[in-house]
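Asker: In the working numbering, the protein residues as written are -15 to 399.
Just so you know, even glycine gets a beta-carbon here, dropped at the ideal spot from N, CA and C.
A single structure is presented below for examination.
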């Protein structure tokens, strides 16, 4: 049986389930325990005709224009586990296992498609169109982990969200189906969830599954029944109940609380996997207000602080949450790949390791530190709420070093 996909969780809540006309998005990224995630910003850019872009494993045609993006990503790869762009589009992916074995041949990773969708799509639907077109052209495949001993390959599911709607996109090879969401609370995890409500699909999807003998055309076409191994697709998304219980009050804080919940399994801390980074985004449906994206940049959200980021021109870069770069000497870029593992820890990650060991080994000091951290986080959440409820337009100068300052303050506490 194929290796289990890492149990990440992604959520979106729309009004009236969420507060104040806000769309709230969140993801816990479950990855191998020792993997480092960094938070990186890339400004918008224009590219010459015919130029190429080097993704994790393959080179593809570059788009004429790419949008500004902020990403949380395993620091050895090109793509991202989750992120947002300047137009208020958020994308997160899930590794999934389907009855179609995932390709080990190097192609685009699900994580590459997250970044490509964000760089090239100004709406959720545009990002979806970008992802499925690239899937058709280049396929998906290659190692999901920085592991020289064995190849871990998966199919991909995506949650793609903007201020107005969300799309759940699930794929197997180049085949795909998608459902559009405009209300309620949705969760996707490491198994297929689309059933018979399909709003867009690969043009040859049904012919293909018929030819494989997976569907006879007599019953309703149910994507996850057709593509899942056994009953994999049934027990998904324990965090959705706690969001639905909020009854119209899902806020950034409520989403953070769900992501921190170890009892529900949403916050993963197991022998093989750990929630290595988390994101929460708040997207006001009124376009005159800015979107706010909160990143941890450190593992285990129950012991991390969510720090706000807002897109403005000349936003201040934050090297302290960026991993060291090894250029062409990076073992992830040499063939055969991953023959050694360099130390990819960034400054915040190292400081946070100290904080985690304090939390584990000295109850009094640990709890005191946690209270200070949560107080710092609360100040950030309240300041952002102020920005999202006031009438005057945001002055970019006010938030140009917002994320930088939050990381800096957090580091000072750890020191």
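Please report the straight-line C-alpha distance between residue 8 and residue 258, rounded to a whole angstrom.
Answerer: 23 Å
Asker: Using CA atoms only, rank isn't needed, just tell me which of -5, 205 and -11 is closest to residue 228.
Answerer: -5
Asker: Using CA coordinates, which residue listed in 76, 151, 175 and -10 is at the minimum distance from residue 110?
Answerer: 151
Asker: Measuring alpha carbon to alpha carbon, tell me which of 357, 332, 275 and 200 ends up nearest residue 146.
Answerer: 275
Asker: Do you know offhand how far residue 417's Cα is from residue 13's?
Answerer: The question about residue 417 has no answer, for the chain in this structure spans -15 to 399.
Asker: Considering only C-alpha positions, which residue in the set 28, -7 and 389 is nearest to residue 297?
Answerer: Relative to the Cα of residue 297, the nearest Cα in the group 28, -7 and 389 belongs to 28.
Asker: How would you label residue 280, buried or exposed, when you count the other beta carbons within 10 angstroms and need 16 or more for buried?
Answerer: Buried is the call here.
Asker: Give every residue of the same chain whose Cβ lies closer than 7 Å to the Cβ of residue 361, excluding the five residues on either side of it in the sequence, and list them in chain order.
Answerer: 289 and 290
Asker: So, is residue 198 buried or exposed, given that buried needs 16 or more other C-beta atoms within 10 angstroms?
Answerer: exposed
Asker: Within 10 Å of its beta-carbon, does residue 383 have 16 or more other beta-carbons around it, so buried, or fewer, so exposed?
Answerer: Buried, because 16 or more other Cβ atoms sit within 10 Å of the Cβ of residue 383.
Asker: Within this structure, are the beta carbons of residue 83 and residue 260 separated by less than 8 Å?
Answerer: no
Asker: Going along the chain, which unbroken runs of the alpha helix (DSSP H) with 4 or more residues stay wholly within the stretch 214 to 265?
Answerer: 223 to 228 and 236 to 243
Asker: Put residue -15 into one of helix, strand or coil per three-state DSSP.
Answerer: Annotation note: pLDDT 43 at residue -15 (below 50); position unreliable, coordinate value reported separately. Coil, per DSSP.
Asker: Between which two residues does the beta strand (DSSP E) carrying residue 55 extend?
Answerer: 53 to 58
Asker: So is residue 394 buried or exposed if we call it buried at 16+ other beta carbons inside 10 Å?
Answerer: buried
Asker: Is the number of C-beta pairs between the stretch 344 to 353 and the stretch 313 to 321 that are closer than 8 Å three or more?
Answerer: no
Asker: Determine the DSSP secondary structure at residue -6, reduced to helix, strand or coil.
Answerer: strand
Asker: Rounded to whole angstroms, how far is the Cβ of residue 265 from the Cβ of residue 74, which I believe are closer than 8 Å?
Answerer: Cβ atoms of residue 265 and residue 74 come within 8 Å of each other, at about 5 Å.
Asker: For residue -15, count neighbouring Cβ atoms within 10 angstroms of its own Cβ and tell me buried if that reaches 16, exposed if not.
Answerer: Residue placement at residue -15 cannot be trusted, given a pLDDT of 43 that sits under 50; the coordinates are not used to answer.
Asker: Which residue spans inside the stretch 281 to 320 form an unbroken beta strand (DSSP E) run of at least 3?
Answerer: 291 to 293
Asker: When you compare only the Cα positions, how much space is there between residue 372 and residue 30?
Answerer: 31 Å
Asker: Which of the three DSSP states is assigned to residue 67 in this structure?
Answerer: strand
Asker: Hey, would you say residue 263 sits closer than 8 Å to residue 56, going by beta carbons?
Answerer: Going by C-beta atoms, residue 263 is nearer than 8 Å to residue 56.
Asker: Classify residue 15 as helix, strand or coil using the three-state DSSP reduction.
Answerer: strand
Asker: Measuring CB to CB, does residue 335 end up less than 8 Å from residue 353?
Answerer: no
Asker: Looking at the secondary structure, which residues open and close the alpha helix (DSSP H) in which residue 192 lies?
Answerer: 189 to 195
Asker: Have a look at 104, 248 and 356 and flag the residue whose alpha-carbon is nearest the alpha-carbon of residue 287.
Answerer: 356
Asker: Going along the chain, which residues of its own chain have a beta-carbon closer than 8 Å to the beta-carbon of residue -12, five neighbours each way excluded?
Answerer: 81 and 174
Asker: Along the alpha helix (DSSP H) that carries residue 145, what are the first and last residues, could you check?
Answerer: Note, residue 145: premise wrong, no alpha helix (DSSP H); beta strand (DSSP E) at 139 to 145.
Asker: Is the CB-CB distance between residue 20 and residue 329 below 8 Å?
Answerer: Yes. Within cutoff.
Asker: When you compare the stretch 127 to 134 with the stretch 157 to 168, are there three or more beta-carbon pairs, one atom per stretch, that lie closer than 8 Å?
Answerer: no
Asker: Could you give the DSSP three-state label for residue 119: helix, strand or coil?
Answerer: helix
Asker: Cβ of residue 100 within 8 Å of Cβ of residue 68?
Answerer: no
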